[in-house]
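Student: Line order of the protein sequences matches chains V, X and A.
The UniProt record's numbering applies: residue 1 is where the first sequence begins, and numbers increase by one.
The UniProt record's numbering applies: residue 1 is where the second sequence begins, and numbers increase by one.
The UniProt record's numbering applies: residue 1 is where the third sequence begins, and numbers increase by one.
Each residue gets a CB set at the ideal place from its N, CA and C atoms; glycine is no exception.
Values in this document were obtained by computation on a predicted structure and should not be read as measured data.
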Amino acid sequence: MKRTLGVCYYPEHWPEHIWADDAARMVDAGLSWVRIGEFAWQRLEPKPGEMDFGWLDRAINVLGDAGLKIILGTPTATPPRWMLDKHPDMLAIDEQGRPRGFGSRRHYCFSHQGFRAESRRITRLLAQRYGSNEHIQAWQTDNEYACHDTTRSYSYAATEGFQNWLAQKYQSTAALNRAWGNVFWSMDYDDFADIGLPNLTVTEPNHPHVLDFYRYSSDMVVQFNREQVVEIRAQSVAPIIHNYMGRETSFDHFKVGADLDIASWDSYPIGFLSDRIEGTPAHKRRFLRQGDPDNQAFHHDLYRAVGRGRWWIMEQQPGPVNWAPYNPAPLPGMARLWAWEAFAHGAETVCYFRWRQAPFAQEQMHAGLLRTDSADAPALAEALQVSQEINNLPDVGTTRADVALVFDYESTWAWEAQPQGADFDQFRLAFSAYRACRRAGLNVDIVPPDIADLSAYKFTLAPGVMHLSDPLRAALADATALIGPRTDTKTEHLSIPTPLGPNIASLHVSVVLTESLPPDVGVPLENGGQFVHWREILEGDAPVQLRTTDGHSAIVGDKLRYIAGWPDDSTWDLILRDLCVEVGLTHYALPDGLRLRDTDTHRFVFNYAPEPMDWRGTEIPAAGVHWETL
Amino acid sequence: MKRTLGVCYYPEHWPEHIWADDAARMVDAGLSWVRIGEFAWQRLEPKPGEMDFGWLDRAINVLGDAGLKIILGTPTATPPRWMLDKHPDMLAIDEQGRPRGFGSRRHYCFSHQGFRAESRRITRLLAQRYGSNEHIQAWQTDNEYACHDTTRSYSYAATEGFQNWLAQKYQSTAALNRAWGNVFWSMDYDDFADIGLPNLTVTEPNHPHVLDFYRYSSDMVVQFNREQVVEIRAQSVAPIIHNYMGRETSFDHFKVGADLDIASWDSYPIGFLSDRIEGTPAHKRRFLRQGDPDNQAFHHDLYRAVGRGRWWIMEQQPGPVNWAPYNPAPLPGMARLWAWEAFAHGAETVCYFRWRQAPFAQEQMHAGLLRTDSADAPALAEALQVSQEINNLPDVGTTRADVALVFDYESTWAWEAQPQGADFDQFRLAFSAYRACRRAGLNVDIVPPDIADLSAYKFTLAPGVMHLSDPLRAALADATALIGPRTDTKTEHLSIPTPLGPNIASLHVSVVLTESLPPDVGVPLENGGQFVHWREILEGDAPVQLRTTDGHSAIVGDKLRYIAGWPDDSTWDLILRDLCVEVGLTHYALPDGLRLRDTDTHRFVFNYAPEPMDWRGTEIPAAGVHWETL
Amino acid sequence: MKRTLGVCYYPEHWPEHIWADDAARMVDAGLSWVRIGEFAWQRLEPKPGEMDFGWLDRAINVLGDAGLKIILGTPTATPPRWMLDKHPDMLAIDEQGRPRGFGSRRHYCFSHQGFRAESRRITRLLAQRYGSNEHIQAWQTDNEYACHDTTRSYSYAATEGFQNWLAQKYQSTAALNRAWGNVFWSMDYDDFADIGLPNLTVTEPNHPHVLDFYRYSSDMVVQFNREQVVEIRAQSVAPIIHNYMGRETSFDHFKVGADLDIASWDSYPIGFLSDRIEGTPAHKRRFLRQGDPDNQAFHHDLYRAVGRGRWWIMEQQPGPVNWAPYNPAPLPGMARLWAWEAFAHGAETVCYFRWRQAPFAQEQMHAGLLRTDSADAPALAEALQVSQEINNLPDVGTTRADVALVFDYESTWAWEAQPQGADFDQFRLAFSAYRACRRAGLNVDIVPPDIADLSAYKFTLAPGVMHLSDPLRAALADATALIGPRTDTKTEHLSIPTPLGPNIASLHVSVVLTESLPPDVGVPLENGGQFVHWREILEGDAPVQLRTTDGHSAIVGDKLRYIAGWPDDSTWDLILRDLCVEVGLTHYALPDGLRLRDTDTHRFVFNYAPEPMDWRGTEIPAAGVHWETL
């Protein structure tokens, strides 16, 4: 498969007479794909029911005639102002009880049936008109579900929807009361219609109440997306994609992905670094203009799983953005490096965001491949270089990784509802494991929590998975794996099971006591590292592999082992070294910023550091990419 | 008097068939008391007016037949969901104007007359049924008044109640306008019905307006509690107790206590350490698993005063809790040490919270004496050890202390309304004095602000008491005492008196200028210490005992003296050393973590440090308790 | 012109029998002016329409008969409680959607037409009664517009007013949609009545939408003030003044000032230091009791421009205030120094706030010239000293400065709407330039953004001016000036112009890329300094004067030059040194705290440091003022 590049374009932002020239320049830059339409509802339907497809017809023709393949987005992330007259209560309500106003984007409530009908209608109209258009080679549903904290709405529509969802799930309030433990503080319900949303309570709401609301909210995103997919599939055979937002866990991307053909994500390495990715001040200074060296890779591996092998970058940062607290420019070369890291992880296509920087509105300070005055922006030359390199390199394939890392959206919600320690965050825990794998030069597959077969992997990591699915429980029993901390310590209702977890036949251990720790206190281990944030006291006769210096078990088990705390980085490194030695995997101790990724045929080496790095005698410049055959 | 242990138990959480075994194990552990019922309203009254006492009858019988004495709680902290249908406006309103939702606990507004009637009704029904039950040996009203910021409600019911309260207090708006100084910004009122609550104003509301609202809110707690007491006393001779929450000053505990027979408090030493008690990071690390070495003692002495000599621990932390930002496990031995510190301060009974850790709902990560799987948790053995030690030790009595520390709830509200410096907090000031007494090995009685006789004390401390009561003013005039800063510098209406305070016959000094200081600036004293947070400029001919290095008076007076600033710790130590020498009291400079408390017959030595400590040749291990006859 | 002193007085706060003595003491202290009345609406109109002028008549007589000149304030900052019964919706609404309650001050919405009529009515009544009173020598409108974040109200009245304002400005929604770039996220409007206020949106609202709302809100202040001016001018020839609040930029002070005769501001040097003025902790410790050495001077120069040469201090801090996070007392001498710094900058009058400290209400801890018990407070003697010094010093005049600094309120709003970097604040940028001028001992005129003639200045600084006015654009073309960063990089609609700015005929440069930087990262310059917060990449053939160490242009141009970043302090110093050398201006490198200001005849030297400083052989004590003839 030949990898391709693309770009995001907004014909409605520009005079029609420059479209053709834009299209020609895109082709000249080596771009194959162009995404359009995803914010254009008002231009498509200026007044309720009065459609204006003419400009879009013409834009599609101009772009398509230039040889570009088009991804057409449904415009549902930006319902026009007139829709509020039809559906005044379609606005999402925030956790503080305030309606979220018109004037930016994503102001709709996923539970609002009136807006859901509008969403199906506009999708149907687009699908009917363009479903068989030869230039439309892919579809995008909505835009960045969940972005700006928009998954969860505390509206009346959500309350009603949640009550119905609970009624279907539990069938009786008695069952719900039992599952949630509502007896605890006289919180029992007699009628599903009495159950409110878990916001604005006096002290914390019941954790299973919260978890079920988070599940419901995720399901609404899945339903909303599925409704669009149904409309498009009725008219088109082109693949359907959603562009997920990185570092966003409020809905189950695997479940949305199950209805789609391809996963894609929006990759803003520098935008994320300043406040969405954990790191010391020194780390953030070092990678200020490159982004965290493992964040993109993590998401690449995640969305390869979400897309069941097929995935894209739908939006790739090309220069400074406008929305992070600080917005520095990338180091020269990074727009190329980021693309190659994606391809090395199996991306089919990388689209830059956006073609020309807009001189107006909220994102006017967000760079594009062109400047506002249509001159080339720095990233344009890098895109061209990538397209030429693609042409010169054979298909490198996508490797099956040796290491599996289980990532479970429900666990992020469970621990958000019940962190028990202020710093416990499931993404952070999983990402700390992932980073250690990257330091060791390992290729990783991120896998969903219902995976049934781990036999292709040399070993598996499953930290913090609150409750194991039946297939995974069975698969782990025979696997070489490290699970814990917190793994399988809860029932599916977020209560503590009897017998105490984890409950896997081959692992004779129970978590009998738990403690969370402030940032300046750790629990020292006999190997010189320590547990941070979290530690557990274990009971059981599983063999002890590592102890804390105060004599408690830290890692127990044989092939399948359990770790009773959150390892610091040095401990992760030792754990992975031992696992690699045990299963016969080559491992490295890569310097800070140098990263590897293997494909079927090649090894790619990326230098995220701001200075040159040596890779086995080859000097790789800052922002440099190197590949060699395996 | 023989000291006793107890435990909190929730029969409604567990299958009935295990109650008897639980009861037997409690007795085996040396426990005498069991508290039940305080969150069970929904189980007692599943639907409005449909009572179900059967299960409680049986639980009382099982527990009582096992030999346990029962404290029965009124369940008013957890009104069931159905009550909202009867009283939709019974929900408290927070300071931001939002109703506080159902789904946790304490969601009621103390001013709501409909809920007040419900509270009297359920209390009456319980009192009628169990008032003469031989097993019911004590009663608890509600649970942890004020917890989760629930004293003050900004509801319509509170507005009406406040207006009536003001009308009764001031009789005319003219008097109120004068008392509050409403002329200042044209804030005068013509009608009590025009007076709102002091929230959401453009800039700060008038301080006496705030203070009166805080007084009103406190009075509502007093009234609410008294209404339950009246109902219980009509049916029962058993003592009535409330379990106060530590570090909570939003209502006057002395006034609530005046209607009760015994005071109790809920002691969570580790839970409080992380964010409710002041301390440096190093201090918090050192006492991470032991709690602040003076916080429990402070509250013991406070509640001994609130209970007029009779007091308990109603809930004693036995292991990690769930509600602090970080929740580490106690050092082995602390569950014993905490109990003995309470007994040494005169506690009659210490009840651990709770018997068995609940596997469900909000507190599922809160440890008990048993684990969720009914195995012994670590604290169970410590409780047993304490019960055996009690049996072997003669009654040690409760000493009358040599030092009195005045603690005034009104002053906490006054300075909350008018801190004048961001760090000025009355609890913090009083606690800084208390900590110094503990470092000096002194026994302290905390006394109420209307105390009329200080003659039993060698000396008295009264920092920050905004306005002296007539009895205390008279008592201080003849006492050896240190008052200030800020003491008696205001009228009862929180204005500045003429002549300037303090106004005590025997003390010729006035505070003529005040300044507050940022944390990194102090005012050096000639003794090497400094004033922090706060300093005052004095005028008057009282003799000067200490000066600032810039030549101002720092401490003036003879037997009765005034301190013109907030002393740092070293200055407190010097002040107490001088006072002790002056009155002939033995004093110590105890090492960090070693603490003393004398009873009538014994001296108890507690080691809160994480390492062994020497006490006059005896090594006391970490978490160790030592006693010797006096 | 003889400089004068004055004081703020509240006869309604004190018994009538002490007014005469107060007046006599004011005269004895050398005070000439007394401001009264500005919070007395309730005393003037206790019930709607029932006026009580008697007390004010008598107060004016007593004060005037003592020889004092009176400034009479309109009381509109404190509408009485009864007005809410007439106009329940006159309360401002905060950005979170909550009405701002009665009980402090400034609770009105500038857009509310009902309140606007009340404001005109009370002003008319006062003007009619006192317009020709010989003692009334000046008027003050309202009090501290904008204080407590009161310029912007998110009320229904503001929404309607904003819609009308937009309709008049844009004439058609099509023009507005184009100007704002509403096509961007389908944000177009079909009807002005559909346009809401830019609060509570899901993610950031469109920046030009915000900017226009800020412009509208500023215009409402201008209108409100003008309405009072019209009423007063109809009855009185006395000058009309407003007392602006320092460090407050939410409305255009130049536009309000255009309707007034004299500008004044309320100077609280210590109150501002702790949280309104940027500074390192060491800086804040050093100037804890003196205030920032440049903050007062900046505002003096600003309000001299706002008043077109005529300006006062209406409120001068005399001791500790009550409203800052920490409220230390001034160093002895500062109440004198602050007055002289004002006079040296051309102030006609300095009024201390307030005569006697109020013993009641919100400001009871705010010092005055008298204590609450009527004894002299420390500042009284300093005021007397200043009045004597004034008598002994000839008229020193007001110098025309050599350096112009452009300050533009619109730019503060533009960058507030679109900071692009979390630390970008226009006041902070302009103040960093001003501070550098003060370190160099330069006299500065702050000038408005529509200035048309810069020929009187040796050089001009214009940092961060988002869009140059036509006159300023023309004036800069021939001036010696340094502009940038960000200057003239936007259209008047806050979009990016084509061609890229700055667009000045004589300056061949364009800003083609922008980046914002976190606080711990700078861009090094070849002169040893660095850019902080912000840097730009330039294109064009203007000669390069300074480069970054990575080879980009940092300063380009000839006489008119552009700086492509935010200089750190050392870079500002080098820039000013070079400019001074170039234009032949004497410059200094003043030590930290020593500051100069020249008048027509004298040089004043001020020592803000807490220790003595040497000025050319003369030791100036801490808080000392020195003057010498030029």
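Along chain V, in chain order, which residues have C-beta atoms closer than 9 angstroms to that of A:Tyr608?
Tutor: Those do not exist, as A:Tyr608 stays about 33 angstroms from chain V at its closest Cβ, beyond 9 angstroms.
Student: Within 10 Å of its beta-carbon, does A:Ser155 have 16 or more other beta-carbons around it, so buried, or fewer, so exposed?
Tutor: A residue is called buried when at least 16 other Cβ atoms come within 10 angstroms of its Cβ; A:Ser155 meets this threshold and is buried.
Student: Three or more C-beta pairs under 8 angstroms: does that hold for the region 620-629 of chain X against the region 317-325 of chain X?
Tutor: no
Student: Tell me which residue opens and which closes the alpha helix (DSSP H) that X:Gln385 is part of.
Tutor: 378-392
Student: So X:Thr203 and A:Pro359 are in contact, right, with Cβ under 8 angstroms, and what is the actual spacing, rounded?
Tutor: X:Thr203 to A:Pro359, Cβ: 20 angstroms. No contact.
Student: Between the alpha carbons of A:Phe110 and A:Thr151, how many angstroms are there, rounded?
Tutor: 7 angstroms
Student: Tell me the rounded alpha-carbon separation between A:Gln317 and A:Tyr352.
Tutor: 6 angstroms
Student: When burial is assigned at 16 or more other CB atoms within 10 Å of the CB, is V:Met245 buried or exposed?
Tutor: buried
Student: With 7 angstroms as the limit, tell me which residues of the region 486-519 of chain X have their beta carbon closer than that to any beta carbon of chain A; keep them in chain order.
Tutor: Ser495, Ile496, Thr498, Pro499, Leu500, Val512, Leu513, Thr514, Glu515, Ser516, Leu517, Pro518
Student: Around the C-beta of X:Met83, are 16 or more other C-beta atoms found within 10 angstroms, so that it is buried, or is it exposed?
Tutor: Under this definition X:Met83 is a buried residue.
Student: Note down, in chain order, all residues in the region 523-539 of chain A with a beta-carbon under 7 angstroms from any beta-carbon belonging to chain V.
Tutor: Flagged: no residues at all.
Student: Please look up how many angstroms separate the CB atoms of X:Leu494 and X:Pro208, rounded, as I've assumed it's under 8 angstroms.
Tutor: That pair is a contact at about 5 angstroms.
Student: Show which residues of chain X have a CB atom less than 8 angstroms away from the CB atom of A:Leu126.
Tutor: Neighbours of A:Leu126 on chain X: none; closest Cβ ~14 angstroms, over 8 angstroms.
Student: At a Cβ threshold of 8 angstroms, is X:Ala158 touching chain A?
Tutor: No, no contact with chain A.
Student: Compare the Cα-Cα distances from A:Ala542 to each of A:Arg561, A:Gly529, A:Arg535 and report the closest residue.
Tutor: With distances taken between Cα atoms, A:Ala542 lies closest to A:Arg561.
Student: Which residues in chain A sit within 7 angstroms of X:His467, going by Cβ to Cβ distance?
Tutor: By Cβ distance, chain A contributes nothing, its closest Cβ being about 13 angstroms from X:His467, past 7 angstroms.
Student: Counting pairs of Cβ atoms below 8 angstroms between the region 327-347 of chain V and the region 18-31 of chain V, do you hit three or more?
Tutor: no
Student: Run down chain X in chain order and give the residues with a C-beta less than 7 angstroms from the C-beta of V:Pro205.
Tutor: The contacting residues are Gly103, Ser104.
Student: Since residue 634 of chain A and A:Ile71 are thought to touch, with beta carbons under 8 angstroms apart, how far apart are those beta carbons, to the nearest angstrom?
Tutor: Outside the modelled stretch of chain A, which goes from 1 to 630, sits residue 634 of chain A, for which no answer is possible.
Student: Could you tell me which chain A residues have their CB closer than 8 angstroms to the CB of X:Tyr562, listed as they occur along the chain?
Tutor: Those within 8 angstroms of X:Tyr562 in chain A number zero; the least Cβ separation is about 17 angstroms.
Student: I'd like to know if the region 241-257 of chain X and the region 278-286 of chain X are in contact, where contact means that at least 3 CB-CB pairs between them fall below 8 angstroms.
Tutor: At 8 angstroms Cβ cutoff, the stretches do not touch.
Student: List the residues of chain A that V:Tyr326 touches, going by C-beta distances under 7 angstroms, in chain order.
Tutor: Gly421, Ala422, Ser516, Leu517, Pro518
Student: Would you report the Cα separation of X:Asn295 and X:Leu500, rounded to the nearest angstrom?
Tutor: 34 angstroms
Student: Answer with yes or no whether the minimum CB distance from X:Pro198 to chain A is below 8 angstroms.
Tutor: Interface criterion met: the Cβ of X:Pro198 is under 8 angstroms from a Cβ in chain A.
Student: Nearest to A:Thr586 by alpha carbon, out of A:Pro99, A:Phe459, A:Val465, A:Ser267?
Tutor: A:Phe459
Student: Output, in chain order, the set of chain V residues within a Cβ distance shorter than 9 angstroms of X:Pro75.
Tutor: Ser186
Student: By DSSP, does V:Lys559 sit in helix, in strand, or in coil?
Tutor: coil
Student: Can you name the residues of chain X whose CB is closer than 8 angstroms to the CB of V:Thr201?
Tutor: Arg100, Gly101, Phe102, Gly103, Ser104, His107
Student: Could you name the residues of the same chain whose beta carbon sits closer than 6 angstroms to that of V:Glu539, not counting the 5 residues immediately before and after it, in chain order?
Tutor: Ser510, Val512
Student: Could you give the distance in angstroms between the alpha-carbon of V:Pro524 and the alpha-carbon of V:Asp425?
Tutor: 21 angstroms
Student: Just how far apart, CA to CA, sit X:Phe431 and X:Asp488?
Tutor: 19 angstroms
Student: Going by CA-CA distance only, name the one from V:His107, V:Glu410, V:Leu461 that's closest to V:Lys559.
Tutor: V:Leu461
Student: Rounded to whole angstroms, what's the CA-CA distance from A:Ala297 to A:Arg336? Just pull it up for me.
Tutor: 15 angstroms
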